[in-house]
Amino acid sequence: MAAAEERWGRGGFWGGFWGSRCRDSLPPQRSDPPAALRYGWRLTRTLLAGLCSFPGCMALVDLHGDGDHKLVVGVPRGPGGPRLAVVRGAGSMRSLALPEAPAGLGAFGPAFGGAGGSGPGGPAVVVAAGPALFVYRNLRPFFKFALPPRAPEPLERDLWLQAEQDQIDPLTLKEMLEDLRWGRPRDFGGRRRG
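Using my numbering, the first residue of the sequence shown is number 1397, and each one after it goes up by one.
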């Protein structure tokens, strides 16, 4: 261990390798940045501090069709519950409450009433949350599409119950679920039926 520290530095091979490379490639930093930059950085850090989300729940969207793109983030959990956050520049943020945690987010230019995506109002933002798709137009709820509830497939339910009780190995479970998905039924012994 002492020889490794002596040879590569305190962080070992990777710490010494990456640490020295990163330090050498960075420009020298100023000790006292201007007050305006310092304030803007703090404001940005404060606004974005609570925005934890998945990559599929983020989009850069021109919401009003004016060429000013904003970051739209679906935040699954936070102090205010699930929400849709809209961040513009370094200073302003708007937040809309969502009924459930978002699973995905996207934007499209619909032809509602003859207005395309580049027309007045810009594109619509679609958020998948729970069993529904929520469409927001001009950051206001516009439409909700919900799938009708459906009973689970009995064979799939039995497979998951067997997996919960460790009566089936994961590879067999995967194969049988894929067969159910593509319409190739099997019996529980793993043999194809029909």
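A virtual CB, placed ideally from N, CA and C, is assigned to each residue, including glycine.
What residue from G1470, K1570, G1518, C1448 has the CA that sits closest to G1526's CA? When only C-alpha atoms are compared, the closest one is G1470.
Would you call the region 1497–1507 and the region 1449–1462 touching, i.e. three or more CB-CB distances under 8 Å? Short answer: they touch.
Return helix, strand or coil for G1470, following the three-state DSSP convention. Assigned with DSSP and collapsed to three states, G1470 falls in strand.
If the criterion is Cβ atoms closer than 8 Å, does the pair A1520 and Y1532 meet it? Yes, these two residues count as a Cβ contact at 8 Å.
Taking only the alpha-carbon atoms, compute the straight-line gap between G1590 and G1474 and give it to the nearest angstrom. With a pLDDT of 47 at G1590, under the threshold of 50, the predicted position of this residue should be treated as unreliable, though the coordinate-derived value follows. Those two C-alpha atoms are separated by around 51 Å.
Which residues does DSSP pair with S1491 in a beta bridge? Paired residue(s): A1481.
Can you tell me whether A1481 is buried or exposed? The criterion is at least 16 other CB atoms within 10 Å of its CB, across all chains shown. The residue is buried, with at least 16 neighbouring Cβ atoms inside 10 Å.
Once DSSP output is grouped into helix, strand and coil, what is the label at L1456? In the structure shown, L1456 falls within a strand segment according to DSSP collapsed to helix, strand and coil.
Report the residue from L1576, H1460, S1449, P1566 whose alpha carbon sits nearest the alpha carbon of G1505. Minimum Cα distance to G1505 is reached at H1460.
Contacts around I1564, its chain only, beta-carbon distance under 6 Å, and the 5 residues preceding and following it disregarded: Same-chain partners within the cutoff: Q1558.
Would R1479 and A1493 qualify as a contact pair, given that the criterion is a beta-carbon distance under 8 Å? Contact: yes.
Beta-carbon within less than 7 Å of E1496's beta-carbon, same chain only, minus the 5 sequence neighbours each way: which residues are those? The residues are P1478, A1525, G1526.
Pull up the DSSP beta-bridge partners for F1541, would you. F1541 pairs with L1529.
From this set, L1576, L1447, M1572, L1551, which residue's C-alpha is nearest R1490's C-alpha? Considering only alpha carbons, the answer is L1447.
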